[in-house]
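Going from the sequence shown to my numbering is simple: count from 1 and add 62.
Every residue, glycine too, gets a C-beta built ideally from N, C-alpha and C.
These numbers were taken from a predicted model, which means no experiment stands behind them.
Okay, structure first, notes after.
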Amino acid sequence: MPHILVFDSGIGGTSVLGHIQSLLPNAQYSYVMDNALLPYGLQSEQTIQSRLACLINKIAGFERKVDLIVIACNTASTQALAATRKLTSIPIVGVVPAIKPAAIQSKNRHIALLATPATSNNAYTNALIAEHANGCRVDLHQSTRLVALAEQYYWQQTLDLEKLNHELEYINIDKQVDCIVLGCTHFPILSTHLAQYYGQQVELIDSGYAIAQRVKYLLKDKNGDSNDIKMPLQFFATAPNGITNKEGIASSAIDLSC
Ligand code: DGL
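Right under this line is the structure:
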């Protein structure tokens, strides 16, 4: 039974974890969040690269051998995926904005990328757009407030709708846009509310399901079977949060300041 480690700055990666768990219900899971440094969207490329280098070191010391790492963070993936892959033989799947499917789907040939400041403004994302926008106009929008709202919604199950609407008004996506790429794994956590705000004529597209399919493909020879003993999800945080995740599992401390 494979052991999959899902990483994000905060709880955004749980939006990807959910898709992977549905496709691979028998796998073992660890979830690591670098909440000490949240939001990653305001960190430098160098800082993110060194946090991930440290994560790779820690994983080497894990009792349960990790078979695959998912960097369930667009910010970390677009800034540090190539550098991090060089540090380990464990396969790493990154999560990057779903520009290609959005560009294929857009009837108006006009899409928007909604991401963190670091993701919407880096060489990887520029190259992704140049390669896959397929002639569509791509508007770039950034927000860290949505990250904070998603964190609050996840942990406290309450959402300040006034703040959310205010932020969406401020972001001000063009009315001609018919596909919005949710280029931050925190944003699908708000998808019900985002869908209400943007209406049925706008498609919200994230990478979660495609990533789960990729993970399943890479682990096709290690699927395990339903008779194996299933360990509970292990949950690690870099800063004490004194709270449990949705499954009620308390987080263990992990130090990523190498
Ligand atoms: N969830 C992360 C992403 O996909 C980043 C959120 C943040 O820490 O800024 O980009």
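Secondary structure at R171: coil, using DSSP grouped into helix, strand and coil. Counted as a single uninterrupted DSSP element, the stretch harbouring E265 is not any alpha helix (DSSP H) but the beta strand (DSSP E) occupying residues E265 to I267. Secondary structure note for Q90: its beta strand (DSSP E) is the uninterrupted segment Q90 to M95. E229 is a Cβ neighbour of L208, given a cutoff of 8 Å. Runs of the alpha helix (DSSP H) spanning 4 or more residues and lying entirely within the region 66 to 139 occur at 76 to 85 and 107 to 122, in chain order.
Relative to ligand 1, the beta carbon of D70 is positioned inside 7 Å of a heavy atom. According to the DSSP secondary-structure assignment, R199 is paired through a beta bridge with H172. Between the region 184 to 193 and the region 82 to 89 there are fewer than three C-beta pairs closer than 8 Å, too few to call the two in contact. Rounded to whole angstroms, the Cβ separation of A301 and N97 is 5 Å, and the two are in contact under 8 Å. Within 7 Å of the C-beta of V209 there is at least one heavy atom belonging to ligand 1. Contact between L176 and S205 holds: CB atoms are separated by about 7 Å, below the 8 Å threshold. Contact check for T178 and P101: beta-carbon distance about 7 Å, within the 8 Å limit, so the pair qualifies. By the neighbour-count criterion, in which 16 or more other beta carbons inside 10 Å mark a residue as buried, A192 falls on the exposed side.
C135 is the residue among P64, L117, C135 and Q111 whose C-alpha sits nearest the C-alpha of V78. The residue among I133, G123 and Q141 with its C-alpha nearest the C-alpha of E107 is Q141. At least one heavy atom of ligand 1 sits closer than 7 Å to the Cβ of H248. Take N196, set aside five residues on each side of it, and the residues of its chain with a beta-carbon closer than 8 Å to its own are K162, A165 and I166, in chain order. Leaving aside the five residues that flank M63 on each side, the residues in its chain whose CB is nearer than 7 Å to its CB run, in chain order, N88, A89, Q90, G286 and D290. For G261, the three-state secondary structure derived from DSSP is coil. Short note on T181: C-beta closer than 7 Å to some heavy atom of ligand 1. Excluding sequence positions up to five before and after L143, its CB lies within less than 6 Å of the CB of G156, all in the same chain and listed in chain order.
A Cβ-Cβ contact shorter than 8 Å links I235 with A174. Q263 counts as exposed, since fewer than 16 other C-beta atoms from the protein chains shown sit within 10 angstroms of its C-beta. Counting only residues of its own chain and dropping the five nearest sequence neighbours on each side, L149 has a CB closer than 7 Å to the CB of A115 and I118. Its chain contains F298, A299, T300 and P302 as the residues whose beta carbon lies nearer than 8 Å to that of A315, once the 5 sequence neighbours on both sides are disregarded; these appear in chain order.
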